[in-house]
Amino acid sequence: MNEPSDSEIPSGEFSRRKFLLTGAAGAAMTGLSRLNAQEQPTPGPHPMKPILTRVSFTVNEKMAELEVDTRTTLLDALREHLHLTGTKKGCDQGQCGACTVLSGGRRINSCLTLAVMHQGDKITTIEGLGTPDRLHPMQRAFVKCDGFQCGYCTPGQICSAVAMLDEIKAGIPSHVTQDLTSAPAFNAAEMRERMSGNLCRCGAYCNIAEAITEVAGRSA
Amino acid sequence: MKPFTYERATSPAGAAAAALRHPGARFVAGGTNLLDLMKLEIETPPHLIDVNGLKLDAIESTDDGGLRIGALVRNTDLAADERVRRDYGVLSRALVAGASGQLRNMATTAGNLLQRTRCPYFYDTNQACNKRSPGSGCAAIGGFSRVHAVLGVSDTCIATHPSDMAVGLRVLDAVVETIRPDGTVRTIPLAEFYRLPGKEPQLETVLDPGELITAVLLPKPVGGVHLYQKVRDRASYAFALISVAAIVQKDGTGRVALGGVAPKPWRVEEADAEMPNGARAVAAKLLAQATTTPENAFKLKLVERTLASVLAEAKGA
Numbered sequence: 001m002n003e004p005s006d007s008e009i010p011s012g013e014f015s016r017r018k019f020l021l022t023g024a025a026g027a028a029m030t031g032l033s034r035l036n037a038q039e040q041p042t043p044g045p046h047p048m049k050p051i052l053t054r055v056s057f058t059v060n061e062k063m064a065e066l067e068v069d070t071r072t073t074l075l076d077a078l079r080e081h082l083h084l085t086g087t088k089k090g091c092d093q094g095q096c097g098a099c100t101v102l103s104g105g106r107r108i109n110s111c112l113t114l115a116v117m118h119q120g121d122k123i124t125t126i127e128g129l130g131t132p133d134r135l136h137p138m139q140r141a142f143v144k145c146d147g148f149q150c151g152y153c154t155p156g157q158i159c160s161a162v163a164m165l166d167e168i169k170a171g172i173p174s175h176v177t178q179d180l181t182s183a184p185a186f187n188a189a190e191m192r193e194r195m196s197g198n199l200c201r202c203g204a205y206c207n208i209a210e211a212i213t214e215v216a217g218r219s220a
Numbered sequence: 221m222k223p224f225t226y227e228r229a230t231s232p233a234g235a236a237a238a239a240l241r242h243p244g245a246r247f248v249a250g251g252t253n254l255l256d257l258m259k260l261e262i263e264t265p266p267h268l269i270d271v272n273g274l275k276l277d278a279i280e281s282t283d284d285g286g287l288r289i290g291a292l293v294r295n296t297d298l299a300a301d302e303r304v305r306r307d308y309g310v311l312s313r314a315l316v317a318g319a320s321g322q323l324r325n326m327a328t329t330a331g332n333l334l335q336r337t338r339c340p341y342f343y344d345t346n347q348a349c350n351k352r353s354p355g356s357g358c359a360a361i362g363g364f365s366r367v368h369a370v371l372g373v374s375d376t377c378i379a380t381h382p383s384d385m386a387v388g389l390r391v392l393d394a395v396v397e398t399i400r401p402d403g404t405v406r407t408i409p410l411a412e413f414y415r416l417p418g419k420e421p422q423l424e425t426v427l428d429p430g431e432l433i434t435a436v437l438l439p440k441p442v443g444g445v446h447l448y449q450k451v452r453d454r455a456s457y458a459f460a461l462i463s464v465a466a467i468v469q470k471d472g473t474g475r476v477a478l479g480g481v482a483p484k485p486w487r488v489e490e491a492d493a494e495m496p497n498g499a500r501a502v503a504a505k506l507l508a509q510a511t512t513t514p515e516n517a518f519k520l521k522l523v524e525r526t527l528a529s530v531l532a533e534a535k536g537a
């Protein structure tokens, strides 16, 4: 649906246990699709078996060469094939923003794009922004300001916020930009509007806004 | 998701020809709507043609003083283009009123035009929907119809077209440029691009099978104050209940189109002529053919009030 409806936002019922089970099933399916690599796809208009294809792109400055089911989203390629589980699967339909990564420096929903559509692209995930020893300023600000509660939306929030500040610097207007012909400036209204594609079910918005504002002030 | 074969097209003509060779194939560009629908198996293409490599991502000035917007120009880049912000502000405003930052970075000009309705009954595969499953009925008629269309509807479908961008383009008299599988190129005014549902709500545009949008053309700028007001249930990241795109000249003349009220951007030439006479007169012409349900009848009043707000803002600008 893309634009969130209240009834479809993932709820707290999605327990860590369920999540781990889903992850295991996902990994098993990955193995299954590899098995089918030897078989020819069924000819005809509606192939019934998984179709495998090769794709290579850079993730966090490392080349990744994958053989994936054509149906594999970029999100599933990152999590299930490359085991970069920092990027989260929330709604899986473009509403929540938990899967936000950078492609060529631009923020995108990795759940709504296929891995095969990213041949040659440069992908950056939360793992590529910083490490526990060398945090990205946005990561450090989220820790300092307590910009989360459960933490599930946090990688998406941070990737989105980093790219959002770049979008303001690049002069990209938003819905709340008063004058279209002059460069937009960072302020609370701009931040809230531009971050509306990232939901936080814990409601940690005040602290998220504080963290982003701190980084924006520093980089301004 | 159903399995599908995949290819990367290398030329617009090649992409269109490939679509004809693979019945049921879909072009994919941003994928933000198509992938969503494929996950729900509302769209089940056996073959995907990735058009992202077609180099249709430039915005060029045309000989007649207008712009040629490549089909693959991302919504973010179109909204941010200096010429669009300066001369076609209503388009920039409409674009940034839609979706989220992430989605606008992915979504393309052509894909935005071709996105499907967000009617909840279209999305719910357990419900009857003539658009998703022709002949199955329409659960929206007699159902929860608060968000549904009040203009251009039929007894088979009351879905709206969800695009904001298309409403901005309609008020600018945009023209769609395409290439067909036989290699011929044609242009279609946006005014004639969308079909009304009639008896066949599954047919949404006049595009032929395999026909590929290559660009959207804007005529030379018309000046005036450019406004886009969108009324929705949240302040951001929600589809329109109704929206108003308007270009208002100093003398009070102008043009107007509505979003969120019909299966296509809604524009009535006679309504444009009423612009100097105020919101009530304009609304009367725009809404003359309205068919409402008890739940969405509020949209008529909302259109008039939003028009009044837009005209007042234009006067103050």
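Respectively, the protein sequence lines represent chains A and B.
Numbering follows my numbering, with no gaps: position 101 of the first sequence is 101.
Numbering follows my numbering, with no gaps: position 24 of the second sequence is 244.
Beta carbons: idealized from backbone N, C-alpha and C, even for Gly.
If you're wondering where the values come from, they're calculated on a predicted model, not measured in any experiment.
Identification of residues in the segment 96-109 of chain A having a C-beta nearer than 7 Å to some C-beta of chain B yields G97, T100, R106, R107, I108 and N109, given in sequence order.
Of all alpha-carbon atoms in B:L276, B:A510, B:L240 and B:N253, the one lying nearest the alpha-carbon of V436 (chain B) is that of B:L276. Annotation for V55 (chain A): the continuous beta strand (DSSP E) segment containing it runs L52 to V59.
In this structure the segment 228-244 of chain B does not touch the segment 181-201 of chain A; the number of beta carbon pairs closer than 8 Å is below three. A check of alpha carbon separations from Y457 (chain B) across B:A237, B:S320 and B:G480 identifies B:S320 as the nearest. Three or more pairs of CB atoms, one per stretch, sit closer than 8 Å, so the segment 106-117 of chain A contacts the segment 158-167 of chain A.
Taking a C-beta distance under 9 Å as the contact criterion, P223 (chain B) and P47 (chain A) qualify as a contact pair.
Closest option to A317 (chain B), judged by alpha-carbon separation, among B:C339, B:R454 and B:V502: B:R454. Nearest in C-alpha terms to K440 (chain B), of all of B:D393, B:H368, B:G250 and B:A517, is B:D393. Put simply, the CB of A319 (chain B) is near chain A, with a gap under 9 Å to one of its CB atoms. The CB of Q93 (chain A) comes closer than 8 Å to the CB of D256 and K259 in chain B, given here in chain order. Membership of M326 (chain B) in the alpha helix (DSSP H) is indicated by the continuous run G321 to M326.
Taking C-beta atoms under 8 Å as the contact rule, P173 (chain A) and S383 (chain B) fail to qualify, at a distance of about 18 Å.
Counting along the chain, K62 (chain A) sits inside the beta strand (DSSP E) bounded by residues K62 to D69. The CB of I51 (chain A) comes closer than 9 Å to the CB of P223, F224, T225 and Y226 in chain B, given here in chain order. With fewer than 16 other CB atoms across the displayed protein chains lying within 10 angstroms of its CB, K521 (chain B) is exposed.
At least one CB of chain A lies nearer than 9 Å to the CB of N272 (chain B).
In its chain, beyond the 5 residues on either side, A499, R500 and A503 have a beta carbon closer than 7 Å to the beta carbon of E524 (chain B).
Within chain B, the residues placing a beta-carbon under 7 Å from that of V116 (chain A) are Y226, ordered along the chain.
The segment 370-380 of chain B makes no contact with the segment 303-312 of chain B; the number of CB pairs closer than 8 Å stays below 3. What S56 (chain A) touches in chain B, judged by beta-carbon distance under 7 Å, is nothing: the nearest beta carbon there is about 13 Å away. Close to H175 (chain A), with beta-carbon spacing below 7 Å, are these residues of chain B in chain order: V316, A317 and S456.
Sixteen is the threshold: since fewer than 16 other Cβ atoms of the shown chains lie within 10 Å of the Cβ of S356 (chain B), the residue is exposed.
Interface residue (Cβ-Cβ distance to chain A less than 9 Å): R406 (chain B) is not classified as such. Residue burial annotation: Q322 (chain B) is buried, with at least 16 other C-beta atoms found within 10 angstroms of its C-beta. Under the Cβ criterion of 9 Å, M385 (chain B) is not counted among the residues facing chain A. Contact between V395 (chain B) and A314 (chain B) fails: their C-beta atoms lie close to 17 Å from each other, not under 8 Å. Shortest Cα-Cα distance from L114 (chain A) to any of B:G363, B:V248, B:G430 and B:S281 involves B:V248.
Taken in chain order, the whole alpha helix (DSSP H) runs of length 4 or more contained in the segment 484-513 of chain B are 489-493 and 499-506.
Collapsing the DSSP output to three states places V116 (chain A) in a helix. Measuring C-alpha to C-alpha distances from V451 (chain B) to each of B:V481, B:T425 and B:G474 identifies B:V481 as the nearest. Out of B:A245, B:R288, B:D301 and B:A493, the CA that lies nearest to the CA of A170 (chain A) is found in B:D301. Comparing alpha-carbon positions, the option among A:D146, A:G151 and A:N207 lying closest to K89 (chain A) turns out to be A:G151. V101 (chain A) sits close to T125 (chain A), with the two beta carbons spaced by under 9 Å.
The beta carbon of R390 (chain B) sits no closer than 9 Å to any beta carbon of chain A.
Among the residues of the segment 318-346 of chain B, those with a Cβ less than 7 Å away from any Cβ of chain A are A319, S320, G321, Q322, L323, N325, M326, R338 and Y343, in the order of the chain.
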